[in-house]
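First up is the structure itself, then whatever we jot down about it.
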DNA sequence: ATCCTATCATTTGCATACGAACAAATTTAT
DNA sequence: ATAAATTTGTTCGTATGCAAATGATAGGAT
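Protein chains in written order, with this note's numbering: chain A, 85 to 231; chain B, 85 to 231.
Below, the structure written as structure tokens:
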């Protein structure tokens, strides 16, 4: 039994638990926990997305990669630095543009992609487990509409 | 015209743009941008949620507040510290438990709540603008199911 | 040839976010 | 009453995430 009694005063006009921002945060938290438990190599969600995006493109500059993976230039820099430190990606200066460095997968990184995709499918499956097939499609459709 | 030709190789078995985690991140990004443009006082989403939760409870310990607002103990500490610095909340030591400090709204903080709720409703409205009334309810229902 | 603008990459600052480890205080179990 | 388990709050480390400022390079317009 709790020593500290709860005195809850709810405003019927503003229920935090029903606001879209709060729900997005909670859903993201649950997904992140599932992700961390399932993923190979201790990768983070952004590192994962970044690797997948590189695998879809032979050559990408760092900034362009950030746009492809929906990350700020400052964010993608840190992500790429950490992927470099893990030996999964490498950067080569662009021969035609001295500002650019092209990011690509290392052999180790390329060898990991198939496993990561399998992990990703399991993570999506577990996150969506409470939903029916129809509900999963509806959720994806509605989320895409508000992006 | 782009000098740097795109060579995109998509794997039909794993489409990042359809994965729930990626969509949640994108939707969260758009919501965060709308939030920041609309909110009073430069509050962040976590600071906002925390203030609303305090307004629902006369007395809350810091850790308990974190649980109410779905934040880690380390996270809620930083949030409460910044709300203290803004003069919106205050902490009083619990008379019956020397570990606890009870967090409450200051007068300034309490005076802000009504405005914040109005901001919150506008933010939800703008975020959900692409959806019909039925779709909004469906999205909220499905998100709640996967939390 | 030069100027303007855009792009690329980096850096700094602020604010989440969470795991892990810790000390102090409290509660529960024995 | 005392030992064990739990709760509270703190600190450290790592990783996003974005705004803003900086410097270098590139491309187009005059």
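C-beta atoms are modelled at their ideal positions from N, C-alpha and C, and glycine is treated no differently.
Exposure of residue i, with buried meaning 16 or more beta-carbon neighbours within 10 Å
i	result
residue 144 of chain A	buried
residue 183 of chain B	exposed
residue 270 of chain B	As shown, chain B starts at 85 and ends at 231. That puts residue 270 of chain B outside it, with no answer to give.
residue 134 of chain A	buried
residue 180 of chain A	exposed
residue 117 of chain B	exposed
residue 192 of chain A	exposed
residue 120 of chain B	exposed
residue 96 of chain B	exposed
residue 204 of chain B	buried
residue 217 of chain A	exposed
residue 127 of chain B	buried
residue 109 of chain B	buried
residue 94 of chain B	exposed
Cβ of residue i within 9 Å of any chain B Cβ
i	result
residue 220 of chain A	yes
residue 230 of chain A	yes
residue 174 of chain A	no
residue 185 of chain A	no
residue 125 of chain A	no
residue 92 of chain A	yes
residue 191 of chain A	no
residue 179 of chain A	no
residue 201 of chain A	yes
residue 131 of chain A	no
CA nearest to the CA of residue i, picked from the options
i	options	result
residue 194 of chain B	B/162, B/140, B/223 and B/214	B/140
residue 138 of chain A	A/117, A/163 and A/124	A/163
residue 201 of chain B	B/129, B/213 and B/112	B/129
residue 210 of chain B	A/215, A/231 and A/166	A/231
residue 167 of chain A	A/196, A/114, A/100 and A/92	A/196
Proximity test, Cβ basis, 9 Å: residue i and chain A
i	result
residue 162 of chain B	no
residue 151 of chain B	no
residue 139 of chain B	yes
residue 85 of chain B	In this prediction, residue 85 of chain B has a pLDDT of 42, which is less than 50 and means its spatial position is unreliable; nothing more can be read from the coordinates.
residue 102 of chain B	yes
residue 96 of chain B	no
residue 196 of chain B	no
Next on the checklist: Taking 8 Å as the cut-off, does the stretch 171-191 of chain A touch the stretch 136-154 of chain A (at least 3 CB pairs, one atom from each stretch)?
Outcome noted: yes
Next on the checklist: To test your reading of the DSSP string, which unbroken alpha helix (DSSP H) runs of 4 or more residues are found completely within the stretch 98-161 of chain B?
Outcome noted: 104-122, 129-140 and 146-152
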